[in-house]
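According to my numbering, the residues represented by the sequence shown are 898 to 1148, in order.
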Amino acid sequence: MMLNYDAPLYRPPSEARSLIFQVTLGCSFNECSFCDMYRSKQYSERPWDEVKMEIDLMAKQLPDTRKIFLADGDALNLDSEYIVKIVKYIYEKFPNLERISCYAMPMNILKKTPEELEKMHDAGLNMLYLGIESGSDIVLKKVTKGAISKTIIKSVNKAKDAGYIMSCMIILGLGGKTYSKEHIRGTAEVISACSPHYVGALTLYLENGIKQEFLEKFGEPFVRISDEESLEELHDLISQIETKEEIVFRA
């Protein structure tokens, strides 16, 4: 018997072989105009009895699991003590476990105290995936990200200080032709200022269900960049990043 997931279910590419537990459903923010991942869901937090039952079930079926991802898009929005409870119980049930990770938003991290972040990390939550998307405040506002560059930098550094491995995503083409250089310049500045352990470059793709919303919220004509211009953005981004720390860059 396998888990009956509440679809749609998403996870980072590097968690392809991870066991996934849905401790939350949906996204508490859910207003980014470029993202339709959780539009079909109303955000909710799953009760302990349901989470525990699924952990117990999979511990019997997949006892040698080494990586676990906590879904959906907003697991870090849970109360810190609840996260600690979940994480500790998972480690009790999976003796060979090496890593537990989840998605995070800047606001999730910033509302936690340093002590809360450290306590969750010490319990075994090792890695956070955070969407930078863009380092340009102009672009971030136009795509209704709900964060500005300063809060993104602050959140990544705060999590790193607590011991987390940070994997961050950026989106090529998010500013269109008009804000391409602004988008890349700002994104390079943000990455340079917080130096995530991993950076993944994605390419803007708008599902039909949110395309019109994206264009309307952008507030002015949006002209997509070409594939060649996307490669130019990637080249310019990498060339403009200045850091003394090692960053693993994936595209």
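All C-beta atoms, glycine included, are put in the ideal place defined by N, C-alpha and C.
Please read all numbers here as calculations on a predicted model, not as lab measurements.
Spatially closest choice to residue i from the options, by CA coordinates
i: K1108; options: V1120, A1098 and L994; result: V1120
i: E1129; options: T1140, K1114, A1148 and F1115; result: A1148
i: A1056; options: L1025, K1078 and I1067; result: L1025
i: Y967; options: L994, Y1000, P944 and N993; result: The amino acid at residue 967 is misidentified as Tyr; the sequence shows Leu. For the residues L994, Y1000, P944 and N993, the minimum Cα distance to L967 belongs to Y1000.
i: T1075; options: I1067, M1066 and I1122; result: I1122
i: M899; options: M934, T921, E951 and R943; result: E951
i: L1101; options: D1133, M1066, E1117 and I1135; result: M1066
i: V1096; options: M1017, G1106, L994 and L1131; result: L1131
i: Q958; options: D946, K990, V981 and S977; result: K990
i: V1145; options: A1098, L1103 and E1125; result: A1098
i: T921; options: P1118, V948, T1048 and K1008; result: V948
i: D1019; options: L1027, K982 and N901; result: K982
i: M955; options: G1106, L1007, P992 and R943; result: P992
Contact belief for residue i with residue j at Cβ below 8 Å, rounded distance in angstroms
i: S925; j: Y940; result: 5 Å
i: S915; j: I965; result: 6 Å
i: G1043; j: E1142; result: About 27 Å; that fails the 8 Å criterion.
i: Q919; j: D969; result: 6 Å
Close beta carbons around residue i, own chain, < 6 Å, minus the five adjacent residues each side
i: G1021; result: V984, Y988 and I997
i: N974; result: S925 and N1005
i: S1033; result: E1079, H1080 and G1083
i: C932; result: none
i: Q1137; result: A1085
i: P909; result: Y1026
i: S1031; result: L1037, L1071, H1080 and T1084
i: K938; result: L922 and G923
i: R943; result: V920
Cβ-Cβ distance between residue i and residue j below 7 Å
i: P1011; j: V1053; result: no
i: V1087; j: I1029; result: yes
i: S1089; j: E1139; result: yes
i: L1014; j: A1059; result: yes
i: I980; j: N1023; result: no
i: M934; j: Y907; result: yes
8 Å Cβ shell around residue i - same chain, five flanking residues per side excluded
i: F1115; result: S930, K1039, V1040 and G1073
i: I1050; result: V1087, A1090 and C1091
i: L994; result: T962, R963, K964, I965, I987, Y988 and G1021
i: F1111; result: S930, F931, V1040, L1103 and F1119
i: L1007; result: T1048, K1051, S1052 and K1055
i: G1106; result: D933 and R936
Residues of its chain near residue i, where Cβ-Cβ distance is below 7 Å and the 5 sequence neighbours each way are ignored
i: I1035; result: Y1076 and E1079
i: S1127; result: L1069, G1070 and T1100
i: K1009; result: S977
i: K1016; result: S977 and V981
i: D1133; result: I1081
i: I1135; result: F1146
Whole runs of the alpha helix (DSSP H) within the stretch 945–997, excluding any shorter than 4 residues = 945–958 and 977–990
Every unbroken alpha helix (DSSP H) inside the stretch 1027–1095 [4 residues or more] = 1034–1039, 1046–1058 and 1077–1091
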